[in-house]
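Okay, so the sequence shown: first residue is 0 according to numbering that gives the first Met the number 0, each after it adds one. By construction, the Cβ of each residue, glycine as well, lies at the ideal position given by its N, Cα and C atoms.
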Amino acid sequence: MHKYLKPLLFLSLIGCIFILTRFFSPAEFFNEANLRSLLARAGIWAPLLFILFYSLAPVFFLPGLPITLAAGLLFGPFWGVVYAISGATLGATLSFLLARYFLSDWVKGKIASSRFAALYEKSARQGWKLVAFTRLVPLFPFNLLNYAFGVTNISLPVYMLVSFICMLPACIAYVVFGSSLFSLVQGRISPTFLLGIMLILALNLGIILYKKRKAGLDAGRENLL
Numbered sequence: 000m001h002k003y004l005k006p007l008l009f010l011s012l013i014g015c016i017f018i019l020t021r022f023f024s025p026a027e028f029f030n031e032a033n034l035r036s037l038l039a040r041a042g043i044w045a046p047l048l049f050i051l052f053y054s055l056a057p058v059f060f061l062p063g064l065p066i067t068l069a070a071g072l073l074f075g076p077f078w079g080v081v082y083a084i085s086g087a088t089l090g091a092t093l094s095f096l097l098a099r100y101f102l103s104d105w106v107k108g109k110i111a112s113s114r115f116a117a118l119y120e121k122s123a124r125q126g127w128k129l130v131a132f133t134r135l136v137p138l139f140p141f142n143l144l145n146y147a148f149g150v151t152n153i154s155l156p157v158y159m160l161v162s163f164i165c166m167l168p169a170c171i172a173y174v175v176f177g178s179s180l181f182s183l184v185q186g187r188i189s190p191t192f193l194l195g196i197m198l199i200l201a202l203n204l205g206i207i208l209y210k211k212r213k214a215g216l217d218a219g220r221e222n223l224l
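Right, dumping it as C-alpha cells:
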C-alpha cells in the first residue's frame, strides 16, 4: 500500500488547492506579477541563491520535492529545470564528498544495520548501474543515499554524471508541474499543468510496473530453486 502513498498525497494536494481557491482569493497573496518583479530586481542573485539553497538541502536532509516545484514556479519550465537539476546534482555531490572524506565512519554506522548494507555490497559489482537504478526507482531515501554512495568505490565523475542523467526525468516532470501553479491556484487549467500531470503519472506508472516485473522475476527464480 505504501507505494501508492506518494501519488495519493500528490492528488490530495491538488484537491486542496482547488478547494482553497473557492474560499479565498489567491491572487491577493500569490501574485505572479509581484514575484516576477522581485526576481527581476534580484537579477543573477535569484538563481544563484536558489541553486545554493537546493545544493545544501540534501546535506541537511531537507525534502527536495517542494524545492523542485518552486523552481518551476519561480523560473518557469526551462530555467527551472536548469537551476533545479544543477542544485540537485551539486547537493548530491556535496553529500557524497562529505561522506567520502569526513563522515565515513558515521555513514558506515548508519548503513551497517539497514538495507543500505546490501546496496554497499552490490556497489562493488554493479557500479554506475546501481546509481542509475536507485535514482530512477526511489526505493531508498534520496538524501541518505547520497551519503551512502560516498563510502563505496564508485568514482566521483561517474556518480555525478549518472546522478545528473537519471535525476533529470523526475526533475523535468515536477518543474513543469510547478510552473503551472500560478494558473492552478487562480482556477485555470494550463497546458503545462496537464503536461506535468502526465509526466508525473508516467514516472510513477513506470516505477510500479518495474517493481511488479522485478517481483515476478524474483518469484520465478525461487520456483526454479
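CA nearest to the CA of residue i, picked from the options
| i | options | result |
| --- | --- | --- |
| residue 145 | 189, 94, 42 | 94 |
| residue 143 | 47, 105, 69 | 105 |
| residue 78 | 150, 45, 166 | 45 |
| residue 149 | 165, 107, 211 | 107 |
Residue interval of the alpha helix (DSSP H) (run including residue i)
| i | result |
| --- | --- |
| residue 90 | 64-100 |
| residue 178 | It is not in any alpha helix (DSSP H) - residue 178 carries neither H nor E in the DSSP assignment. |
| residue 36 | 31-41 |
CB contact flag (residue i, residue j, <8 angstroms)
| i | j | result |
| --- | --- | --- |
| residue 175 | residue 153 | no |
| residue 97 | residue 157 | no |
| residue 179 | residue 163 | no |
| residue 166 | residue 88 | yes |
Three-state secondary structure assigned by DSSP to residue i
| i | result |
| --- | --- |
| residue 208 | helix |
| residue 61 | coil |
| residue 125 | helix |
| residue 188 | coil |
| residue 156 | helix |
Straight-line gap, residue i to residue j (C-alpha atoms, nearest Å)
| i | j | result |
| --- | --- | --- |
| residue 109 | residue 40 | 44 angstroms |
| residue 71 | residue 36 | 16 angstroms |
| residue 84 | residue 102 | 25 angstroms |
| residue 31 | residue 189 | 15 angstroms |
| residue 69 | residue 187 | 19 angstroms |
| residue 80 | residue 211 | 30 angstroms |
| residue 125 | residue 168 | 22 angstroms |
| residue 171 | residue 147 | 25 angstroms |
| residue 204 | residue 198 | 10 angstroms |
| residue 195 | residue 121 | 34 angstroms |
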